[in-house]
Amino acid sequence: MILFQQFLANGVVVGSSYVLVALGLTLIFGILKIVNFAHGEFYMLGGYVAVVGTQVLGIGPLPSIVLVIVVMVMLGWFIERAIFVPIAKKDPTNVIIASFGLSILLQNIVLKIAGPEPMLARSGLPRGAIQIGNIFLTSERLAIVALAAVTVTALLVVLKYTWIGLSLRAMSENATVARICGINVRRVGVVTFAIGAALAGLAGALMATVFTVQPNAGSLIVMKAFVIVVLAGMGSIEGAIIAGLALGIVESLVTGYLGNGLRDIVGFIFVMGVLTIRPQGLFGIQTDRS
Amino acid sequence: MAIWVKAAAAAGLSVMISSVAISAAFAEQLKLGVSLPLSGPASLAGTSIREGIEFAVKQANQKGGVFDQDVKVFIEDDEGNPTKGVTAVRKLIEQDHVVGISGTYVSAVAAAESKVAKEYKVPMISAGSTSSAVTDANTAGDPWFFRAFPGSRAQAKQTASDTLKKLNAKTVAVLYENSIYGKSLADEFKSNYEGIGGKVVAMEAYNPGDKDFYSSLTNVRAQSPSAVYIAGLMDSGAQIIKQAGELGVQTQIVGSGSMMSDKLIELAGPASEGFAVSSMFEPSTPNKHGAEFAKEFRAAYKKEPDVYSAIGFDSMGLLIEAARRAGKPDGAAMQKQLLNMPDFPLSQGPDRTTAKFDDKGSVEFKVGLAIVKNGKREWLPFD
């Protein structure tokens, strides 16, 4: 039981970062229907911007987070406008290939500039373990969970009370009807893409304080984010939160009880099972074409 | 018609010229290849090995090169990927016409590449790949893949005995990278350690590049072994050491050779205090040839060499010397020379270590143990 508590805590920490990455992807992939394999590179770039902020500029952790969000919003804006929109005009499936290319391009640019060494973003939080009952955690890990909770709450508020949120929810239910009702799809698209990039970057920045960041840091997490989005059901925000946390916890329990080698497999097994039984995902809404 | 005549005349002329002068000038240039992971997860080691290789080439060329010409080196990035590695070696041999290859670092890639090199009769010298499986695959007496330092079997044996006798740890949990490098070390460590009376309480694999070890280490903590042995690369090693500290795992941690890096101490922070690692080279080496290399490297690069640069330096130095002794840039002649170089000094290992390859292409010398004290590795004397 003591072990179980620790496994659970580990899972919640890792799951929190999954939630942030997957939320960005569920907006981009689930709602805008853009298959963006470079989403993992947004995560990686967020980590590097945090390293630049805390190590090179020395501006402290909170201003660095602001820097990460600003940079990633700008980058997301630019990429959507300069790459994805023009390519999608000809054939939307080309976007998938373009995002693969972008992913390789970004990894190699970073490799050229920053080199292959893992880098650590400084959180400025006190080092060492914090013991809560039988659970050992560090202040950085607790901060990841706290910041993820704050971000998710903020996102939910935005989705509920702003025009962009309303438009997004409309689009997630039925894109065609939303368009007929006069929603400016292009404007919603670019804002959503920028928010998605910022969420991934934020996750990368937070994780870079604990797990360091390397040019290839985003390649596995993007696959897990796709798993979460598909598990949750395309475009389901609440579903992505639950599925993200659940995947983190399940992975942690599998590692603890069955061995580390199986960890990266479980998510994919789940996704196959869920797609067979419930093709719209666990929390997806099935909309019929009329 | 006129063009044909001109072409024929030109061809005839070029044959004449080449047979007289140019053959000495062009055909005999020594061309060597390098395959290393210069991007991807293993690139940290790869870039450091490349510096050692380039330093060996620079030194040889400053001394007048080989066959009165500069040695030419072609470097390919194999990304730590067996498929890319095979492509790289094929390109080096078929297009660049190299007669010897230094490479590579990742054992699985070296295993794949060595098959191609053997087919073309081009000798390869490991640039860091440790798994004994690669030299074991050689035909005894006719090896085409050489390793100028002890393989995983010898390293694991030494570490097992050091862990039990020098560090006095009677029970060990083993965490290993799920690759031929990590697995061969872990298996050989286990059989050796249990053979001399120790007890392995857990064997846990992790995927290359894994960063989160809280759950594995939680299990380790529950078993409270007196030591943890990590067989894997530096980036995961640093995370294990750091997270073990955070989780309050109070035990001696021992790492495999690839964790012998200053970067590990920086990334793991204070938790790396007391960390023990198998070590074949330190800048403070008692090996006189190695100390001289360290001095010259420091002067040239304005930084300390590490085990990677020493491996690269030895690997490339051997190829150049083998060609010089063979008297011609020919892979088969170089392979024969390599088997007969017990006088060639290596920068790794104890003093007076030489390239005395056995019939499987491996060199045996005593692997040392270094312990981190006050943020610096201290080399325990060879006993």
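Chains as they are written, first to last, in our numbering: chain A, 2 to 291; chain B, 157 to 539.
C-beta atoms are modelled at their ideal positions from N, C-alpha and C, and glycine is treated no differently.
What you are looking at is a predicted structure, and each value in this text was computed from that prediction instead of being measured.
Original post:
By the criterion of Cβ-Cβ separation under 8 Å, what are the contact partners of D265 of chain A in chain B?
Top reply: As a first step, residue 265 of chain A is located in the first sequence; it is residue number 264 there, counting from the start. Correct list: N363.
Subject >> L248 of chain B at chain A interface by Cβ criterion, 7 Å >> reply: Indexing the second sequence from 1 puts residue 248 of chain B at position 92. No, because no Cβ of chain A sits closer than 7 Å to the Cβ of L248 of chain B.
Subject >> As assigned by DSSP and simplified to three states, the class of F500 of chain B >> reply: For the purposes of this step, residue 500 of chain B is taken as the residue at position 344 of the second sequence. F500 of chain B falls in the coil class under three-state DSSP.
**OP:** Just list the alpha helix (DSSP H) runs in the region 194-225 of chain B, keeping only unbroken ones of 4 residues or longer that don't cross its boundaries, in chain order.
**Re:** 199-218
**OP:** Return the residue from the list B:N530, B:K512, B:L495 that minimises the CA-CA distance to P279 of chain B.
**Re:** As a working mapping, residue 279 of chain B is identified with position 123 in the second sequence. The shortest C-alpha separation from P279 of chain B is found at B:L495.
**OP:** Check G189 of chain B in the structure and name its three-state DSSP category.
**Re:** To locate residue 189 of chain B, count along the second sequence from 1; it is residue 33. DSSP places G189 of chain B in strand when its eight states are reduced to three.
Subject >> CB contact flag (S503 of chain B, G446 of chain B, <7 Å) >> reply: Looking up residue 503 of chain B in the second sequence gives position 347. Looking up residue 446 of chain B in the second sequence gives position 290. Taking 7 Å as the cut-off, the beta carbon of S503 of chain B is found closer than this to the beta carbon of G446 of chain B.
**OP:** Give the residues of chain B in contact with E118 of chain A, contact being defined as C-beta atoms less than 8 Å apart.
**Re:** Locating residue 118 of chain A in the first sequence gives position 117, counting from the first residue. The answer, in chain order, is L200, K419.
**OP:** Could you give the DSSP three-state label for L256 of chain A: helix, strand or coil?
**Re:** As a working mapping, residue 256 of chain A is identified with position 255 in the first sequence. Residue 256 of chain A is actually Thr in this sequence, not Leu. In this structure, T256 of chain A counts as helix in the three-state DSSP scheme.
Original post:
Using the beta-carbon count (16 or more within 10 Å), is P498 of chain B buried or exposed?
Top reply: Stepping through the second sequence from its first residue, residue 498 of chain B is reached at position 342. Classification for P498 of chain B: exposed.
Subject >> From B:K532, B:I527, B:A456, B:I397, residue whose alpha carbon lies closest to that of K214 of chain B >> reply: In the second sequence, residue 214 of chain B corresponds to position 58, counting from 1. For the residues B:K532, B:I527, B:A456, B:I397, the minimum Cα distance to K214 of chain B belongs to B:A456.
Original post:
Would V356 of chain B pass as a contact of K346 of chain B if the rule is Cβ separation under 7 Å?
Top reply: Walking along the second sequence from the start, residue 356 of chain B turns up at place 200. Walking along the second sequence from the start, residue 346 of chain B turns up at place 190. A distance below 7 Å separates the beta carbons of V356 of chain B and K346 of chain B.
Subject >> C-alpha gap between G268 of chain A and G240 of chain A, whole angstroms >> reply: Taking the first residue of the first sequence as 1, we reach residue 268 of chain A at position 267. Taking the first residue of the first sequence as 1, we reach residue 240 of chain A at position 239. Rounded to whole angstroms, G268 of chain A to G240 of chain A spans 15 Å at the Cα level.
**OP:** Using a cut-off of 8 Å between C-beta atoms, extract the partners of Y212 of chain A located in chain B.
**Re:** Counted from its first residue, the first sequence places residue 212 of chain A at position 211. The question names Tyr, but residue 212 of chain A in the sequence shown is Phe. Here the neighbours are K367, D368, Q395.
Subject >> Spatial distance of T374 of chain B from A176 of chain A (CA atoms) >> reply: The residue you call residue 374 of chain B lines up with position 218 of the second sequence. The residue you call residue 176 of chain A lines up with position 175 of the first sequence. Rounded to the nearest whole angstrom, the CA to CA distance from T374 of chain B to A176 of chain A is 47 Å.
Subject >> Between the CA atoms of S17 of chain A and V50 of chain A - distance to the nearest angstrom >> reply: Within the first sequence, numbered from 1, the residue matching residue 50 of chain A stands at position 49. Within the first sequence, numbered from 1, the residue matching residue 17 of chain A stands at position 16. Going by the C-alpha atoms only, they are around 20 Å apart.
Subject >> Own chain, CB closer than 7 Å to P439 of chain B, minus 5 neighbours either side, in chain order >> reply: Along the second sequence, read from residue 1 onward, the residue named residue 439 of chain B stands at position 283. Excluding sequence neighbours, P439 of chain B sits near A450, E460, P461.
**OP:** Can you grab the Cα-Cα spacing for the pair S179 of chain B / D224 of chain B, in whole Å?
**Re:** Walking along the second sequence from the start, residue 179 of chain B turns up at place 23. Walking along the second sequence from the start, residue 224 of chain B turns up at place 68. Because the pLDDT of S179 of chain B is 44, which lies under 50, any placement of that residue in the model is unreliable, and the question is left without a value.
Subject >> Neighbourhood of S287 of chain B by C-beta distance below 6 Å, restricted to the same chain and skipping five residues each side >> reply: On the second sequence, position 131 is the one that residue 287 of chain B refers to. Hits under 6 Å: S263, S308, I336, Y337, S340.
Original post:
Taking the continuous alpha helix (DSSP H) assigned at W164 of chain A, which residues delimit it?
Top reply: Locating residue 164 of chain A in the first sequence gives position 163, where the first residue counts as 1. That run of the alpha helix (DSSP H) goes 164-174.
Original post:
When the distance is taken between beta carbons, is A427 of chain B closer than 7 Å to G404 of chain B?
Top reply: Here residue 404 of chain B refers to the residue found at position 248 when the second sequence is read from its first residue. Here residue 427 of chain B refers to the residue found at position 271 when the second sequence is read from its first residue. The answer is no: Cβ separation not under 7 Å.
**OP:** Could you tell me which chain B residues have their CB closer than 7 Å to the CB of N217 of chain A, listed as they occur along the chain?
**Re:** In the first sequence, counting from the first residue as 1, residue 217 of chain A sits at position 216. Within 7 Å of the CB of N217 of chain A, the CB atoms of chain B belong to G196, P197, in sequence order along the chain.
Subject >> Of the residues B:D391, B:A383, B:G353, B:S380, the one placed nearest G365 of chain B, counting alpha carbons only >> reply: Working through the second sequence from its first residue, we reach residue 365 of chain B at position 209. Closest by alpha carbon: B:D391.
Original post:
Counting Cβ pairs closer than 8 Å, one from the region 176-196 of chain A and one from the region 62-80 of chain A, do we hit at least three?
Top reply: yes
Original post:
Can you name the start and end residues of the alpha helix (DSSP H) that K451 of chain B belongs to?
Top reply: Taking the second sequence and counting its residues from 1, the one referred to as residue 451 of chain B is at position 295. First-last of the alpha helix (DSSP H) with K451 of chain B: 444-457.
**OP:** State the start and end residues of the unbroken beta strand (DSSP E) segment that holds R533 of chain B.
**Re:** One-based indexing of the second sequence puts residue 533 of chain B at position 377. First-last of the beta strand (DSSP E) with R533 of chain B: 532-535.
**OP:** Out of A:Q281, A:G257, A:A204, A:R279, point me to the one whose CA is closest to A147 of chain A's CA.
**Re:** Translated into the one-based positions of the first sequence, residue 147 of chain A becomes position 146. Of the candidates A:Q281, A:G257, A:A204, A:R279, the one whose C-alpha sits nearest the C-alpha of A147 of chain A is A:A204.
Original post:
Using DSSP with H/G/I as helix, E/B as strand and the rest coil, what is A134 of chain A?
Top reply: Stepping through the first sequence from its first residue, residue 134 of chain A is reached at position 133. Note that residue 134 of chain A corresponds to Gly in the displayed sequence, not to Ala. Three-state DSSP puts G134 of chain A in coil, outside helix and strand.
Original post:
Near A89 of chain A, which residues of its chain fall below 6 Å by C-beta distance, leaving aside the five closest residues on each side in sequence?
Top reply: The count along the first sequence starts at 1 and reaches residue 89 of chain A at position 88. These residues qualify, in order along the chain: V96.
Subject >> Three-state class that DSSP yields for E429 of chain B in the structure shown >> reply: Here residue 429 of chain B refers to the residue found at position 273 when the second sequence is read from its first residue. Here DSSP, grouped into helix, strand and coil, assigns E429 of chain B to coil.
**OP:** Starting from T139 of chain A, find everything on chain B with Cβ-Cβ shorter than 7 Å and list it in chain order.
**Re:** Working through the first sequence from its first residue, we reach residue 139 of chain A at position 138. Residues of chain B passing the Cβ test: E402.
Original post:
Once you ignore the five residues that flank I35 of chain A on each side, which residues in its own chain have a CB closer than 7 Å to its CB?
Top reply: In the first sequence, counting from the first residue as 1, residue 35 of chain A sits at position 34. I29, F85, V96, listed in sequence order.
**OP:** Spell out whether any CB of chain B is found under 7 Å from the CB atom of V56 of chain A.
**Re:** Residue mapping note: residue 56 of chain A aligns to position 55 of the first sequence, counting from 1. The displayed chain sequence assigns Gln, not Val, to residue 56 of chain A. Answer no: the Cβ-Cβ gap between Q56 of chain A and chain B never drops below 7 Å.
Subject >> Proximity test, Cβ basis, 7 Å: L4 of chain A and chain B >> reply: The sequence position of residue 4 of chain A within the first sequence is 3, counting from 1. Closer than 7 Å: yes.
Original post:
Excluding sequence positions up to five away, which residues of its chain have a Cβ less than 7 Å from the Cβ of V255 of chain A?
Top reply: Residue mapping note: residue 255 of chain A aligns to position 254 of the first sequence, counting from 1. Same-chain partners within the cutoff: L263, R264, V267.
Original post:
Closest by CA to G249 of chain A, which one among A:I136, A:C182, A:I229?
Top reply: Residue mapping note: residue 249 of chain A aligns to position 248 of the first sequence, counting from 1. Taking only the C-alpha atoms, the option nearest G249 of chain A is A:I229.
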